[in-house]
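Accompanying notes for the structure given below.
Protein chains: 2
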Amino acid sequence: MVSNFASQSVDPTITGYTVRDLRFPTSLDSIGSDPMNTSGENAHGYIVYHTDVPGLEGIGWSFSNGQGNEVLCAGIRCLAPRFVGRKLSSLTSDFAQTHRNFLGGQTRFMSPELASNAILNAVWDMWAKVEGKPLWKLIADFTPEQLVSVIDFRYITDELTPEQALAWLKEKEKTKQERLDLALKNQAVPGYNTSVGWLGLSDAEVEAGLKKAVDEGFKHFKLKVGLGLETDRKRLGMVRKVAGEDAVIMTDVNQLWDIDFAIEYMPKLADLKLWFIEEPTSPDDILGHARIRKALKPHGIGVATGEHVNNRVMFKQLLQAEAIDAVQLDALRLSGINEILSVCLLAAKFGVPVVPHSGGTGMPELCNHISHFDFVAISGKQSILEYTDHCHEYFTDPAAFSSGHFHAPTAPGYSCQITDEAFAKFECPQGSFWQSEKGQLMLNDPWRGCAAEQTSPMK
Amino acid sequence: MVSNFASQSVDPTITGYTVRDLRFPTSLDSIGSDPMNTSGENAHGYIVYHTDVPGLEGIGWSFSNGQGNEVLCAGIRCLAPRFVGRKLSSLTSDFAQTHRNFLGGQTRFMSPELASNAILNAVWDMWAKVEGKPLWKLIADFTPEQLVSVIDFRYITDELTPEQALAWLKEKEKTKQERLDLALKNQAVPGYNTSVGWLGLSDAEVEAGLKKAVDEGFKHFKLKVGLGLETDRKRLGMVRKVAGEDAVIMTDVNQLWDIDFAIEYMPKLADLKLWFIEEPTSPDDILGHARIRKALKPHGIGVATGEHVNNRVMFKQLLQAEAIDAVQLDALRLSGINEILSVCLLAAKFGVPVVPHSGGTGMPELCNHISHFDFVAISGKQSILEYTDHCHEYFTDPAAFSSGHFHAPTAPGYSCQITDEAFAKFECPQGSFWQSEKGQLMLNDPWRGCAAEQTSPMK
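See the structure below:
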């Protein structure tokens, strides 16, 4: 239970921090398995900023896929001291400059976006708690001027200036109340279901999951593909059969292919009516995605990417090159909410929907805020958000879902907090799971998650 | 002194490793200072692979700019166990697959290129020592088939297939001996001088450095710009005056500008006859570099980038988009020699010279190998290599330079080894420098190297 700090108008000083390494053994249930990542342990580098206000903390975490999470934690420990001794208001009063400075200095050479977002998001979490609002509402309530003021526009002014962003937001403000009402009725953010489609699931598991998902109100489904045409067609056909003709089906191959292979392969699935193929090739290949999208367009198949895109400059180019039909930004890869806001604005300008990547433990909790503020304050258009049904029980403010929609978060803050029970089991290496025989075996495999024989058609 | 293992035909087994954190306090002499990085401590994450062959080690290191080097070391420690217990030949016999697998697994999520190159380069170093050759010669002596076999072509086959690479190398092989002869006479790789142009140097220091460099045979010079037109013109004019009309002058602004600003600013320096502006904007902005290059072309100014480019996919696109006049690949950012070879081949295909980034401690030692094998075996065309005159004394096989040219390395291996004296002073935190009062002050500044007020024209 978070106290109501809003009534106290506090300005906390950050007095110290704690960094924790949390790893959930998700590989044991094939959660997150895909053609490039056969087994991953969803993992968090978790930071708590302590303050001089009793009961007030700022919590943030970033994500890795298990092995090497101690490197992420080392990055967070390296950067965390920068905000110690600072008053919250001194960080948020010119948050664009704070964001820029924070990504600078000697550490800039290593592009520490992953570690940075944990820390910046802990500041956002603290700010939202001080204002007594869930993060999405803090941002939705910003004036256009306030929203623009937290964004560093360096490197994107050729496409979007602060003035243009302001004009866009002012236009959207006129109808904001309608969308806010919809959000407060839990009808703003429809979910799409990925849990049915992990690559490691058997056909029976996929079919059972599908039926459950249809009952829960899902109309959008995403499946991993890339196992060969026959297998892919069988699995996709199952979705179409259970979910019906009106269901929207997306596909994901997690960077497996070279460009020409993607262009050759996907049209052979076109009769199954697919919205997009996600990550058909290297996420860095802007021009490659543009070529694939152009080639697949006549077949009615789009292209999406974003979960491995590090910054606004890459998203700017994906949009400029007309390479994508959905901006799949990742809350834990971009350097915090400041960067995410700039990407949402760019997506809005190009009229491409933001469909956050949310397929890892805790991501739905965070992305739920993002999809809500994007809809209410920025894009003004309804999109969808990825829903996965694992690990919500580890969060003190878990994402809620009913009638096909995410509920708007109501607790103050950014919904980052993990329960004590989860820490007792999954903190690494001292948690009870990691101390078990199975946990030790997993930790001591230096090649954990490497495919023995990867399945790319190319060498 | 490295033993001659070639005569023994050994196949060492890797028995363990040591990782060390080395930081050189280069900021104290303004070495490496530029508009975005006001002070950096050149730093190495250093790995030694031990073997069962007495006297044989594989040494590799990656680079950071000081603060956070412990994060780089944590990354190296995370990945290093993968090769322990392996025979060298089991890694090199299908090195393309080794390279791909090594970048995979659960750690893939964090894109650990920086840590990876230290480890892969230690394997290359060991291989070259076993063959009794300096690394550049090991590669120059490869047959075209051998060279192609160490490269992972995933994601670049739309531009370069293994077959096309093979055809290119076979063509170059016909004239390889001539270039090899030139290399053995130390006339293969002309240097360009950056040491004269660090941003933190006074005018008097720049002028003195210039005179010395001209005497040493340099004909190419690079200066940091971005301090305003008047200052930039004065410093560039000094180079032209001292070095003469025939000198080639390059400029570097280290990512300071937005695209439109670069397009507006640089033509005002066009009368000074500049080869290129390096890193005019975000290194991720492929389309932005292409726009800048197109706009500056009528003014006779080119564009270069690469020191912050992580992989072959980004370089492929920079070349496809006709965005650059020089491929400034970095030996410590790309994931090792395997990745570098693919970038050299792509550059050769597009006819763009490889001009490695070599401005940090120890980089000339490594890049000297790259420029030599690129010239002899791949591009077949003479290019230039950045020369900086600091810290060579810390290496057991320092880069040698005379008459305007780098000497071809002769010691077996990849010239990675640091002297015991350097470790005693600069290992962090236990080295004598870092234990000194000044060293402690530098280590304990969490914002080290952050500009208080950065000088971008944009917010």
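Which chain is which? The protein sequence lines are A and B, in order. For what it's worth, my numbering labels the leading residue of the first sequence as 1, then goes sequentially. For what it's worth, my numbering labels the leading residue of the second sequence as 1001, then goes sequentially. Cβ coordinates follow ideal geometry from the N, Cα and C atoms, glycine included.
Decide if residue i is buried, meaning its Cβ has at least 16 other Cβ atoms within 10 Å, or exposed.
i         : result
B:Glu1453 : Note that B:Glu1453 has pLDDT 45, beneath the 50 cutoff, so the model's placement of it is unreliable and no number is given.
B:Pro1035 : buried
B:Asp1252 : buried
B:Asp1052 : exposed
B:Asp1232 : buried
B:Pro1356 : buried
B:Asn1444 : exposed
A:Pro190  : buried
B:Lys1137 : buried
B:Asp1181 : exposed
A:Leu441  : exposed
A:Thr419  : exposed
B:Ala1304 : buried
B:Pro1298 : exposed
How would you write the range of the alpha helix (DSSP H) that residue i sits in, first residue to last?
i         : result
A:Asp34   : Counting along the chain, A:Asp34 falls outside any alpha helix (DSSP H), and DSSP gives it neither H nor E.
A:Val206  : 203-215
A:Leu184  : 176-184
B:Tyr1387 : Premise fails: B:Tyr1387 lies in the beta strand (DSSP E), 1385-1387, not in any alpha helix (DSSP H).
A:Thr231  : 229-243
A:Val480  : As displayed, chain A neither begins before 1 nor continues past 459, which places residue 480 of chain A out of reach and without an answer.
B:Asp1094 : Here B:Asp1094 belongs to no alpha helix (DSSP H), and DSSP marks it neither H nor E.
A:Phe261  : 259-265
My output table needs one value for residue i: the three-state DSSP class, helix, strand or coil.
i         : result
A:Ile249  : strand
B:Pro1429 : coil
B:Gly1056 : It is worth fixing the name first, because residue 1056 of chain B is Leu in this sequence and not Gly. B:Leu1056 falls in the coil class under three-state DSSP.
B:Ile1014 : strand
A:Val352  : coil
B:Pro1364 : helix
A:Ala321  : coil
B:Ala1400 : coil
B:Gly1439 : helix
A:Gly359  : coil
B:Val1309 : coil
A:Arg291  : helix
B:Ala1150 : Rather than Ala, the amino acid found at residue 1150 of chain B in this sequence is Val. If DSSP states are grouped into helix, strand and coil, B:Val1150 belongs with coil.
A:Ser111  : coil
B:Ser1064 : strand
A:Arg23   : strand
Would residue i and residue j qualify as a contact pair, given that the criterion is a beta-carbon distance under 7 angstroms?
i         : j         : result
B:Asp1011 : B:Leu1079 : no
B:Asn1101 : B:Gly1060 : no
B:Asp1107 : A:Gly68   : It should be pointed out that residue 1107 of chain B corresponds to Thr in this sequence rather than to Asp. Yes. Within cutoff.
A:Cys391  : A:Arg23   : no
B:Ile1286 : B:Ala1321 : yes
A:Phe63   : A:Ile14   : no
B:Tyr1265 : B:His1220 : no
A:Thr361  : A:Asn42   : yes
B:Gly1413 : B:Ala1128 : yes
B:Gly1359 : B:Phe1218 : no
A:Pro353  : A:Ser383  : yes
B:Asp958  : B:Ser1415 : In this structure chain B extends from 1001 to 1459, so residue 958 of chain B is not present and cannot be described.
A:Gly45   : A:Ala96   : no
B:Phe1373 : B:Arg1179 : no
A:Gly288  : B:Cys1450 : no
A:Lys222  : A:Thr194  : yes
A:Phe315  : A:Leu366  : no
B:Pro1302 : B:Asp1325 : The sequence given here places Gly at residue 1302 of chain B; Pro does not occur at that position. Contact: yes.
A:Val343  : A:Leu332  : no
Across which residues does DSSP place residue i in a beta bridge pair?
i         : result
B:Val1048 : B:Thr1018, B:Ile1059
B:Pro1190 : B:His1405
A:Gly413  : A:Pro134
A:Ile418  : A:Phe395
A:Lys87   : A:Thr13
A:Val327  : A:Thr305, A:Val354
Starting from residue i, trace the beta strand (DSSP E) both ways and give me its first and last residue.
i         : result
A:Glu278  : 274-278
B:Val1303 : 1302-1305
A:Phe221  : 220-224
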